[in-house]
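For the sequence shown, this note's numbering begins at 931 and goes up steadily by one.
Here's the structure, in structure tokens; my notes come after.
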Amino acid sequence: MQTSLPNAISKFQILKDVFGFEDFRPGQEQVIDALLAGRHALAVMPTGAGKSFCFQVPALMRDGLTIVVSPLVALMQDQVAALKLAGVAADSINSAKDRSENVKIWHRAADGKLKILYLAPERLMTDRMLSALGNLNIGLIAIDEAHCISQWGPAFRPEYEMLGDLRTRFPGVAIAALTATADEVTRADIVDKLFDGDVESTVLGFDRPNIRLTVEMKRDWKCQMLMTVKSHAGDCGIVYCLSRKKTEEAATFLCENGVRALPYHAGMSADDRDAHQNLFMTEPGVVIVATIAFGMGIDKSDVRFVFHADLPGSVEAYYQEIGRAGRDGAPADAHMLYGLADMRMRRVFIEEEDSGPDRKRREHQRLDALLGYCEAPECRRRTLLDYFGETSEPCGNCDLCLNPTDRINGTEDAQMLLMVIRQTGELYGAAHIIDVVRGTKTEKALKARHDQLPAFGQGSSRKVQEWRSIIRQLVAVGFLKIDIEGYGGLKITDKGNALKNGQETFQYREGTVELTPAKSKKSKPIDGGNPLTESQSDLLGKLKQLRLSLAKNRNVPAYVIFPDRSLIDMARRQPRDQTEFAQVNGVGAAKLRDFAEPFLQIINEADA
931 MQTSLPNAIS KFQILKDVFG FEDFRPGQEQ VIDALLAGRH ALAVMPTGAG
981 KSFCFQVPAL MRDGLTIVVS PLVALMQDQV AALKLAGVAA DSINSAKDRS
1031 ENVKIWHRAA DGKLKILYLA PERLMTDRML SALGNLNIGL IAIDEAHCIS
1081 QWGPAFRPEY EMLGDLRTRF PGVAIAALTA TADEVTRADI VDKLFDGDVE
1131 STVLGFDRPN IRLTVEMKRD WKCQMLMTVK SHAGDCGIVY CLSRKKTEEA
1181 ATFLCENGVR ALPYHAGMSA DDRDAHQNLF MTEPGVVIVA TIAFGMGIDK
1231 SDVRFVFHAD LPGSVEAYYQ EIGRAGRDGA PADAHMLYGL ADMRMRRVFI
1281 EEEDSGPDRK RREHQRLDAL LGYCEAPECR RRTLLDYFGE TSEPCGNCDL
1331 CLNPTDRING TEDAQMLLMV IRQTGELYGA AHIIDVVRGT KTEKALKARH
1381 DQLPAFGQGS SRKVQEWRSI IRQLVAVGFL KIDIEGYGGL KITDKGNALK
1431 NGQETFQYRE GTVELTPAKS KKSKPIDGGN PLTESQSDLL GKLKQLRLSL
1481 AKNRNVPAYV IFPDRSLIDM ARRQPRDQTE FAQVNGVGAA KLRDFAEPFL
1531 QIINEADA
């Protein structure tokens, strides 16, 4: 049975009656109102901010079918399962289903019996599918994980870039693009390719102050990983590895050392992946060791740490992955290792990618920005937020704030670099600037007559690697910025001009710095409630077991039944009847009908 929605129903009624929430979160209403007014909308919101509601609510208010473009079959299946449990007529056509099932779902969509249909871009952007959809009443199009348009399109999944054709194929249909991970260049790319500049953008803050940020050079990665995991004994966490082989190796090592660790990667069977995901979602103290195949769309609030055993591919990838920690607002750790082998491997990946020179150039520059973050001489959070266009004071909750390292006054060297960058027109990348200051007579330097500059060769006593580190740190603290959208030229910022004019000083970290664990700042849980009592925690464990049992019976992930946030609210409120159960966050009409009885039974038995 699906929820029946009258035409005049308000967005607040849908939020409460269908999804079980009283209020919208920041940014949601702005995006919803734009779509309801027929305008295109770009929403950049942190992980856990409720991006899906931005298109699900207007989908239920507008006439016609809403098409949702989603990158992963598992992700679309989970979202469809969650919508169905909320009483929404939703489904997906995807490669995991046989043809006859997909045909039945298509007929339901064509007959007007579906409100939301999920498709992968490869299936949507075929002439046959586009023509068929052109004969239907399409009310809205939503593109989830929209950063893929910029970051995947040219090489990995070209159909993502083809989504720009939707604007002309479906004129008059509002399009929503949603992502948690987009720097200024990626946002500009989405706006240009998908909307041709005509879009209402909502960009929320990127700061997650409850996550302590730590980066250290890779020495013995297994021991470093074990030290971090053991410091969170009994907590759930995620360890990210670059390869499937290393994922299995890390999970085995942790198990041998008393940690309940489970691997998760695309080489495993779907049944094994689902089983491991359900255990992670339901049982305490489970650590998932995964490739990037894990995490997209996962709604688990109490992940206490994310550990990167290898360097991610970009600041965006890193930000998205650490965003899976501490979604309840309580303290969490993001600990990353990096080393020379990581850097070389990432460079090789970029060069071997089936893409053009512009794409490779941008990816190298994004990797440079991540290395700048790794080598930041001061507050790591300020460097991270600066990358996304936000300013911040020192956070007091990163390794560099909590354990400041020795720094060297590099003002004169920095001023020399800035002078060369200015005199060469702010057009060149780090490699050429370093050639000039070291006095290397390359063909490019001679042709541009840069060997005639006063500073040519004045930095010859330093190695190339030293100059690269200094430049990355100048970028990290905001004296320089990399023109990622252009050709990677180094640009001097207002802060850099102040340094060049002697109004600022530059302190940098020299060489490899060993970073020691730091004490975490305490943070108030995001739901604003007090910590659960012992009896409430016991009840929460029982509610999670019931959730897992119900999920197995329905063949859906556990969090689709209720997210952790709802179970915590349930344990805290301890409702006694259906009226009180309806007040729990995340309990809409369909879930009240389907789940009130078993959960109330557990709650009442616990109090007996």
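Every residue, glycine too, gets a C-beta built ideally from N, C-alpha and C.
All of these numbers come straight from a predicted model, not from anything done at the bench.
As assigned by DSSP and simplified to three states, the class of residue i
i, result
"P1287", "helix"
"G1471", "helix"
"R1392", "coil"
"K1411", "strand"
"L1420", "strand"
"I1141", "strand"
"T1442", "Only weak support is given to the placement of T1442: the predicted model assigns it a pLDDT of 41, under 50, and the question is left unresolved by the model."
"S1453", "Note that S1453 scores a pLDDT of 41, beneath 50, so its modelled location is shaky; the value from the coordinates is reported in the next line. Coil."
"T1116", "helix"
"A1448", "Residue placement at A1448 is flagged as unreliable, the pLDDT there being 35, under the threshold of 50; the coordinate-derived value follows with that caveat. A1448: coil per DSSP, three-state reduction."
"D1021", "strand"
"C1171", "coil"
"I1222", "coil"
"G1458", "Confidence at G1458 is low in this model, with a pLDDT of 48, below 50, so its placement is unreliable and the value that follows should be read with caution. In the structure shown, G1458 sits in coil (DSSP, three-state: anything other than H, G, I, E or B)."
"T1435", "coil"
"V1121", "helix"
"S1496", "helix"
"T1463", "coil"
"V1540", "A query on residue 1540 cannot be resolved here, the shown segment of the chain reaching from 931 to 1538 and no further."
"R1234", "strand"
"V1129", "coil"
"K1305", "The question names Lys, yet the displayed sequence has Glu at residue 1305. DSSP places E1305 in coil when its eight states are reduced to three."
"V1010", "helix"
"Q1531", "helix"
"V908", "Here the chain comprises residues numbered 931 to 1538, so residue 908 is not present and cannot be evaluated."
Beta-carbon proximity of residue i to residue j, cut-off 8 Å
i, j, result
"V974", "V1133", "yes"
"G1127", "V1233", "no"
"L1013", "M991", "no"
"D1106", "L1070", "Per the sequence shown, the amino acid found at residue 1106 is Ala instead of Asp. Contact: yes."
"L995", "I1023", "no"
"Q1345", "K1430", "yes"
"G1319", "I1400", "no"
"L1300", "S1244", "yes"
"A1020", "K1043", "no"
"P1261", "N1140", "yes"
"R1495", "G1471", "no"
"L1410", "K1421", "yes"
"R1439", "E1305", "yes"
"V1219", "C1171", "yes"
"V1367", "L1347", "yes"
"G1389", "D1343", "yes"
Closest by C-alpha distance to residue i, when choosing among the options
i, options, result
"Y1489", "A1205, D963, R1053", "A1205"
"D1240", "D1201, N1187, K1175, L1192", "K1175"
"L1530", "R1477, L1332, N1485", "R1477"
"T1435", "R1099, P1307, L1005", "P1307"
"I1222", "T1212, N1208, F1237", "F1237"
"Y1090", "I1120, T1177, E1114", "I1120"
"R1257", "S1231, M1275, R1274", "S1231"
"D1284", "V1486, L1002, P1088", "P1088"
"I1364", "Y1248, V1350, R1190", "V1350"
"N1067", "A1076, A1104, M1055, I1073", "A1104"
"M1273", "M1147, P988, I1491", "M1147"
"F1100", "D1113, Q1007, L1060, F985", "L1060"
"S1131", "S1465, Y1249, D963", "D963"
Proximity test, residue i beta-carbon vs the ligand COA heavy atom, cut-off 7 Å
i, result
"Y1048", "For the ligand COA, the structure offers nothing, since it holds no ligand at all."
Supposed contact pair residue j and residue i - C-beta distance, whole angstroms, cut 8 Å
i, j, result
"H1265", "F1235", "7 Å"
"Y1303", "R1292", "In fact, because the Cβ distance is near 17 Å, the residues do not count as touching under 8 Å."
"A1526", "F1511", "5 Å"
"L1049", "L1093", "11 Å between Cβ atoms; not a contact."
"T1321", "A1406", "Actually they are not in contact, since the Cβ atoms of T1321 and A1406 sit about 14 Å apart, beyond 8 Å."
"G1326", "G950", "At roughly 37 Å, the Cβ-Cβ gap does not stay under 8 Å, so G1326 and G950 are not in contact."
"L1063", "D1329", "Contact doesn't hold; Cβ gap of about 50 Å is too wide."
"G1419", "E1356", "6 Å"
"K1371", "D1381", "6 Å"
Just to confirm the assignment: which complete beta strand (DSSP E) runs, minimum length 3, are found wholly within the region 1034 to 1111? Taken in chain order, the unbroken stretches of beta strand (DSSP E) that lie wholly in the region 1034 to 1111 and span 3 residues or more are 1046 to 1049, 1068 to 1073, 1104 to 1109.
Alpha helix (DSSP H) runs contained entirely in the region 1183 to 1215, provided each spans 4 or more residues: Entirely contained in the region 1183 to 1215, the alpha helix (DSSP H) runs reaching 4 residues are, in chain order, 1200 to 1212.
Going along the chain, which unbroken runs of the beta strand (DSSP E) with 3 or more residues stay wholly within the region 1236 to 1275? Correct list: 1262 to 1268.
Scan the region 1321 to 1406 and note each continuous alpha helix (DSSP H) run of 4 residues or more that stays entirely inside, going in chain order. 1329 to 1332, 1341 to 1353, 1360 to 1368, 1373 to 1377, 1394 to 1406
Please go through the region 932 to 1001 and give each complete beta strand (DSSP E) segment of 3 or more residues, from N-terminal end onward. 971 to 974, 995 to 999
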